[in-house]
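Here is the structure we will look at, set down as structure tokens.
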Amino acid sequence: MKKYTLDELIFFGLGLFACSVIFSVTAVEAALFLVLALLLLRKYREGSLTEIRPALTGHALFVPWALYLGVCLLTALTAYYPAKGLGQVNSDLIKYVCLATLLLAVKKEHLPRLSAVYTAAAAVSALFGILEVARSVLAGDAVLARAGVFMNAVRYGEAMTIAFLLALSRLLLPAKESFRRERLFYALAAVAVFSALILTQTRGAYLGAATGVLAIFFFAAPARRKLAVYAGVMLAAAVVLAAAAPAVRDRVAAMLTVRRGDFSGNSASTGINVRIELWKVGYKMFRAHPVVGVGPDNIRKVFKEFHPEPFPEEGVYGTLNNLYVHQAAERGSLGLAALLLLFGALFLFALKRFRAALSPYALWALCALPAFYAVNLTEISFQHVHTSFAIFLALAFAAAADKEEI
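Going by my numbering, the sequence shown opens with residue 19, and the numbers climb by one from there.
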């Protein structure tokens, strides 16, 4: 029986991470801690455990993360319900553990295969998402189903956006030695994932995808000519899908023709109006506690105090459907400033890596981050594993990328 080396096992764990981040929170967290355990074991056997601390503390992202986690801890201790707040600190810490582990574990030689694994998983998921909608059409459902495999349609749309931007990056900057069948693989995957993205009927994902494409156009001059062609194809495909699925068209049109105060169950304006009301609640919380907020994970507990009258749909919400409003309400001006500092540092790191290594993997991080920041205007995706862990994977790819012959 073949004996696998620790390096091979670490790559297996990374492959499991790249595959499962599309499908399962439990599986991707298990893969993360498997990689971490194997990485520590390898360092122990090499006698190089002491190298981990300077590798992390000397990294450009360490200080912004440390400040962010420090503010998270402070605002948890001053929260209305500190026990709830401290529970959220654990979630924030796991995000840093994820990014740090991936930065240490992902190597340049891993990138082609990990990229293929992640893209293949996204394409398989996209096919299932398309099938969900096709079944709804064939069944003659009064309300067209939204694509969303193993998660809600909003989260699924965000996951598809991030995956689509990797496939697009691989098509825009293919390595010189890449095979024709490899380019065909990424082209087919891009078509499937983009179609599933449209069929989620998720406006935030549409905004994110558009923002990611604009980021490529602005920062990646070598890709502009190809991007113009692909953008035309994407626009035509979106128009065809919208024409075939009036529900998609109606959700987009609702952003321009929103009926204020409309909370009816089958209205395309309902989601927009609910968000507006939630943002008002968030502003009230921030105004009452402008420095440290009401506390992490405390919004549901204090929601009725700031909105005693009946609220549409659920009645009591734990999130405010906008990360920046949510952060200001939960953690005050300190928390919002720490988050914006962290987001700025992540983007500057991605931009520097792309300029140093004109690589599709660095391009992925460069375009995925603005898309991620955009989707957080209508959701709190930074708090969710499917999206935040995928973004950290993109950053690890950028860190490991080297200049390639194009």
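We treat Cβ as the ideally placed atom computed from N, Cα and C, and that holds for glycine.
Could you tell me which of Leu341, Pro326, Arg60 sits nearest to Phe390, measuring between CA atoms?
Leu341
What is the DSSP secondary structure of Gln345, counted as helix, strand or coil?
helix
Could you spell out where the alpha helix (DSSP H) holding Pro100 opens and where it closes?
100-123
Using the C-alpha atoms, what's the distance from Tyr204 back to Gly230?
Roughly 17 Å separates the two Cα atoms.
Within a Cβ cutoff of 8 Å, which residues of the same chain sit near Ile148, ignoring the five residues on either side of it in sequence?
Ala165, Ala210, Ser213, Ala214, Leu217
Between which two residues does the alpha helix (DSSP H) containing Asn291 stretch?
288-306
For Trp83, which residues of its own chain have a beta-carbon under 6 Å away from its beta-carbon, when the five flanking residues on both sides are left out?
Tyr114
How big is the Cα-Cα spacing for Ala48 and Ile40?
14 Å
Between the Cα of Phe119 and those of Ala419, Leu411, Asp420, spot the shortest distance and give me the residue it belongs to.
For the record, residue 119 in the displayed sequence is Thr; it is not Phe. Closest by alpha carbon: Leu411.
Is the beta carbon of Val343 sitting closer than 8 Å to the one on Gly313?
no
Quick one, are the C-beta atoms of Ala208 and Phe182 less than 8 Å apart?
yes
In the structure shown, what three-state DSSP assignment does Glu64 receive?
When DSSP states are grouped into helix, strand and coil, Glu64 belongs to the helix group.
Are there 16 or more other CB atoms within 10 angstroms of the CB of Ala157, so buried, or fewer, so exposed?
exposed
Measuring CB to CB, does Phe35 end up less than 8 Å from Val46?
Yes, they are a contact pair.
Cβ of Val81 less than 8 Å from any chain B Cβ?
Protein chain content of the structure displayed is limited to a single chain, and chain B is not contained in it.
Starting from the C-beta of Gly350, find all residues in its chain whose C-beta is less than 8 Å away, skip the five residues before and the five after it, and write them out in chain order.
Thr93, Phe304, His307, Pro308, Val309, Val310, Gly311
Which residues mark the beginning and the end of the alpha helix (DSSP H) in which Val257 is found?
Per DSSP, Val257 belongs to the alpha helix (DSSP H) from 242-262.
Among Val393, Ser38, Asp25, Leu32, which has the Cα closest to the Cα of Gly226?
Val393
Can you list, in chain order, the residues of its chain whose CB lies under 6 Å from that of Thr96, leaving out five sequence neighbours each side?
Val310
From Cys37 to Ala408, what distance separates their C-alpha atoms?
10 Å
Is it a yes or a no for the region 318-330 touching the region 366-378, going by three-plus beta-carbon pairs under 8 Å?
no
Check the C-beta distance from Arg371 over to Ala419 and give it rounded, since I have them as a contact under 8 Å.
That belief holds up - the Cβ atoms of Arg371 and Ala419 are roughly 7 Å apart, short of 8 Å.
Would you kindly work out how many angstroms separate the C-alpha atoms of Ile424 and Ile294, rounded to a whole number?
Confidence at Ile424 is low in this model, with a pLDDT of 39, below 50, so the placement of that residue should be treated as unreliable; the coordinate-derived value is given next. Ile424 and Ile294 have their C-alpha atoms roughly 46 Å apart.
Could you say which of Val155, Ala134, Gly353 lies nearest to Ser187 if we only look at CA atoms?
Ala134
Going straight from the alpha carbon of Leu74 to that of Leu87, what length do you get?
Their backbone Cα atoms lie some 15 Å apart in a straight line.
Looking only at C-alpha atoms, which of Gly175, Phe168, Ala163, Ala141 sits nearest to Ala185?
Ala141
Does the Cβ of Asp110 have 16 or more other Cβ atoms within 10 Å, making it buried, or fewer, making it exposed?
buried
Is Thr218 helix, strand or coil by DSSP?
coil
By a C-beta neighbour count over all protein chains shown, 10 Å radius and 16 as the cutoff for buried, is Leu117 buried or exposed?
buried
Provide the residue span of the alpha helix (DSSP H) that contains Thr23, from first to last.
No alpha helix (DSSP H) contains Thr23, which DSSP labels as neither H nor E.
Quick one: what does DSSP say Leu202 is sitting in, helix, strand or coil?
helix
Pull up the distance between the alpha-carbon of Ala190 and that of Phe367, whole angstroms please.
It is Leu, not Ala, that sits at residue 190 in the sequence shown. If I take the Cα positions, the gap works out to 21 Å.
Tell me whether Leu395 sits in a helix, a strand or coil according to DSSP, three-state version.
coil
Are the beta-carbon atoms belonging to Phe361 and Ala383 less than 8 Å from one another?
It is not a contact, given that the beta carbons lie outside the stated cut-off.
Would you tell me roughly how many angstroms separate the C-alpha atoms of Thr68 and Ala123, rounded to the nearest one?
Distance between the alpha carbons of Thr68 and Ala123 is about 16 Å.
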